[in-house]
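Residue 200 in numbering that gives the first Met the number 0 sits at position 201 of the sequence shown, with consecutive numbering throughout.
Note that beta-carbon positions come from the ideal geometry of N, C-alpha and C, so glycine has one too.
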Amino acid sequence: MTASSSDIEKAAGVLRAGGLVALPTETVYGLGANAEDPVAVARIFQAKGRPPSHPLIVHIGGAEQLDDWVEDVPATARLLAAHFWPGPLTLVLRRGRRVPLEATGGLETVAVRVPDHPVAGALLAAFGGGVTAPSANRFGSVSPTTADDVRTELGDAVDFVLDGGPCEVGVESTIVDVTGDTPSVLRPGGVTREALEAVLGGPVAVPSTSRVRVPGQHPSHYAPRARVVLVEPGKVLDEVESARELGHQVGVFLPPSLAGTPVKAHATVAVPASPAAYARGLYGFLRELDQRGCDLIIASLPAEEGLGLAIANRLRRAAGPRSAQHA
Ligand code: AMP
Ligand code: MG
């Protein structure tokens, strides 16, 4: 069910009163507060169980509002905003005075984007200000892509949930730091590296990516309850078999190359061949295998091009080592 105009008005009122609103965007659902209200912003961290040093993204209604929120906008940022907003691209820029340090984790930079979703757009227009919002999940867990996921994750910790249906993109925005001499990708996401490079006319630096079974530099995030193990596509069936023999309730992400192959797993998800469909479904697949009682998920990484880069990044982090905090 999609939010009505009276839902939008109600949500804008909750934001004005310092409350928290979960809102649909094209990437994932966000947990929003009035970006200029430090007390409301602090409630986001409390609701998520997120350390206050982790900065949030400020969502604004249009590129024309950029200068209200940041200082010293470089030409590169204007170019990227003109091409990709509204859309799944977040720009890191110098913090404007309107943005409290609570929203930036104490940083002098701020992350800003214009979401491409009619419900988010209507809320931003009705509210009139900026809405700071991280993903609407408990810290470290799988991001929500439906209103039901938000309710499961946050329950009463959110004052109002706007339902905008399932998210189209399904993975978070691409975050690009444009404060330095050359733009650099801090997190791969819904806007591909190839699309950024086409607009910027040159190569863009992205975080280092390593092969499967990566060690410590990818602390667990975007993680289901079940442990996630990454293997080469050709080894999926063998790994499933040995995990099953060890007594695991095995969930498997069956790669497109093995489509239709019978697998003796507890639960199987057929990975879509299209990267856009895979990104859209990714978090739902992880939630589904949790709900079906799997304690181990075996998956392999897609080719790291286009949206495959963001999918691989999330799978690596889902498979990353867990601290007690993330567990
Ligand atoms: P989430 O959407 O929940 O993943 O949270 C927002 C993301 O934006 C986090 O990955 C933050 O680290 C990132 N972010 C927000 N502000 C900044 C900033 N000023 N500099 C770098 N990264 C940022
Ligand atoms: Mg998040």
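Do residue 118 and residue 2 have their beta-carbon atoms positioned less than 7 Å apart in this structure? In contact: residue 2 and residue 118 (Cβ atoms closer than 7 Å).
Taking the beta carbon of residue 245 as the centre, do at least 16 other beta carbons fall within 10 Å, making it buried, or is it exposed? With fewer than 16 other Cβ atoms from the protein chains shown falling within 10 Å of its own Cβ, residue 245 counts as exposed.
Ligand 1 and residue 202: does the residue's C-beta get closer than 6 Å to at least one heavy atom of that ligand? The answer is no for residue 202.
Measure the beta-carbon distance from residue 144 to residue 28 and round it to whole angstroms, keeping in mind my assumption that it falls under 8 Å. Contact annotation, residue 144 with residue 28: C-beta distance approximately 7 Å; criterion of less than 8 Å satisfied.
Would you say the beta carbon of residue 184 comes nearer than 6 Å to a heavy atom of ligand 1? With a cut-off of 6 Å, the C-beta of residue 184 is classified as distant from ligand 1, since no heavy atom of the ligand falls inside that distance.
On a Cα-Cα basis, can you pick out the residue from 9, 114, 268 that is closest to residue 255? Comparing Cα-Cα distances from residue 255 to each of 9, 114, 268, the minimum goes to 268.
Is the region 185-194 touching the region 302-314, taking contact as three or more C-beta pairs under 8 Å? With a cut-off of 8 Å, the region 302-314 and the region 185-194 count as touching, because enough Cβ pairs lie within range.
For residue 321, report the span of its alpha helix (DSSP H) as first-last. In the DSSP assignment, residue 321 falls outside any alpha helix (DSSP H) and carries neither an H nor an E.
Heavy atom of ligand 2 within 6 Å of residue 232 beta-carbon: The answer is no for residue 232.
Measuring from each Cβ to the nearest heavy atom of ligand 2, keep the ones under 7 Å and list them in chain order. Residues with a Cβ closer than 7 Å to any heavy atom of ligand 2, in chain order: 133, 134, 136, 142, 171.
Assuming residue 108 is part of the beta strand (DSSP E), what are its boundary residues? 108-112 is the span of the beta strand (DSSP E), which, as asked, contains residue 108.
Going by alpha carbons, who is nearest to residue 121 out of 85, 155, 285, 133? Comparing Cα-Cα distances from residue 121 to each of 85, 155, 285, 133, the minimum goes to 85.
Is the beta carbon of residue 87 closer than 7 Å to that of residue 172? In this structure, the beta-carbon distance from residue 172 to residue 87 falls below 7 Å.
Find out if the Cβ-Cβ distance for the pair residue 328, residue 115 is shorter than 7 Å. Only positions 0 to 326 of the chain appear in this structure, which leaves residue 328 out of reach.
Separation of residue 32 from residue 18, as counted between CA atoms: Each residue's CA atom was taken as its position, placing residue 18 and residue 32 some 6 Å apart.
Measuring alpha carbon to alpha carbon, tell me which of 65, 270, 253, 204 ends up nearest residue 237. Ranking 65, 270, 253, 204 by Cα distance to residue 237 puts 253 first.
Beta-carbon spacing of residue 249, residue 243 below 7 Å: For the pair residue 249 and residue 243, the CB atoms are nearer than the 7 Å cut-off.
Sequence-distant residues of its chain with Cβ nearer than 6 Å to residue 106 (five each side left out): Once the five neighbours on either side are set aside, the close Cβ partners of residue 106 are 54.
Selection from 142, 80, 138, 273 that minimises the alpha carbon distance to residue 59: For the set 142, 80, 138, 273, the Cα lying nearest the Cα of residue 59 is the one of 80.
Under the rule that 16 or more other beta-carbon atoms within 10 Å means buried, what is residue 206, buried or exposed? Looking at its Cβ environment, which holds fewer than 16 other Cβ atoms inside 10 Å, residue 206 is exposed.
Using only alpha-carbon positions, find the residue among 108, 226, 77, 109 that is nearest to residue 140. Ranked by how close their Cα comes to the Cα of residue 140, the residues 108, 226, 77, 109 have 226 in first place.
Would you say residue 56 touches ligand 1, meaning its beta carbon is less than 6 Å from a heavy atom? For residue 56, the Cβ falls inside the 6 Å cut-off from some heavy atom of ligand 1.
What residues match up with residue 229 in a beta bridge as DSSP calls it? Residue 229 is bridged by DSSP to 298.
Is any heavy atom in ligand 1 found nearer than 6 Å to the beta carbon of residue 24? Every heavy atom of ligand 1 is 6 Å or more from the Cβ of residue 24, so no.
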